[in-house]
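Residue numbers (our numbering): 30 to 184.
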């Protein structure tokens, strides 16, 4: 692709990300975003962090996922994000943690300002939904690319 075409694609992705976050914020920062693969769900997570804390924060922020591979992907995406926005979310938010759903459902009585749930459709099982029911999340962001799922998992 020509560089101009790449810029147009990047701008279109950015517009979709910003519109998605606007909708999330209008819903009191609670909800799941369904976006096709490649539109930048991890970038949306990073941008959500900066919308909540424009100057960064040392609060603990869980990013729940299915596999340890997702932590590696998020760390890689943070370097890519830094190229475009001159900010590295893993530096500005040093206490992002990466619990797996398999262990996270044992959490109870915890309180977080913000939690992100990758592949949020997996939260629909009773055991995993207990993660939301037994802990407090002031803001919740669910991410998915799986079509045809009911993703109303956040009270």
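C-beta: ideal position from N, C-alpha, C; glycine also.
For residue i, count neighbouring C-beta atoms within 10 Å of its own C-beta (all shown protein chains included) and say buried if the count is 16 or more, exposed if not.
i	result
residue 144	buried
residue 87	exposed
residue 184	For residue 184, the predicted model reports a pLDDT of 48, less than 50, meaning its position is unreliable and no value from the coordinates is stated.
Which partner residues does residue i have in the DSSP bridge list?
i	result
residue 94	129
residue 170	60, 145
residue 159	Looking at the DSSP assignment, residue 159 forms no beta bridge with any residue, so it has no partner.
Since residue i and residue j are thought to touch, with beta carbons under 8 angstroms apart, how far apart are those beta carbons, to the nearest angstrom?
i	j	result
residue 40	residue 73	Incorrect: roughly 16 angstroms between the Cβ atoms, too far for contact.
residue 141	residue 107	Not confirmed; about 20 angstroms, so no contact.
Taking the Cβ atom as the reference point for each residue, do residue i and residue j lie within a distance shorter than 8 angstroms?
i	j	result
residue 168	residue 64	no
residue 146	residue 125	no
residue 130	residue 157	yes
Going by C-alpha to C-alpha distance, which of the options sits closest to residue i?
i	options	result
residue 43	107, 68, 101, 91	68
residue 170	75, 32, 157	75
residue 134	36, 163, 81	163
residue 83	121, 103, 38, 137	121
residue 95	149, 159, 33, 155	149
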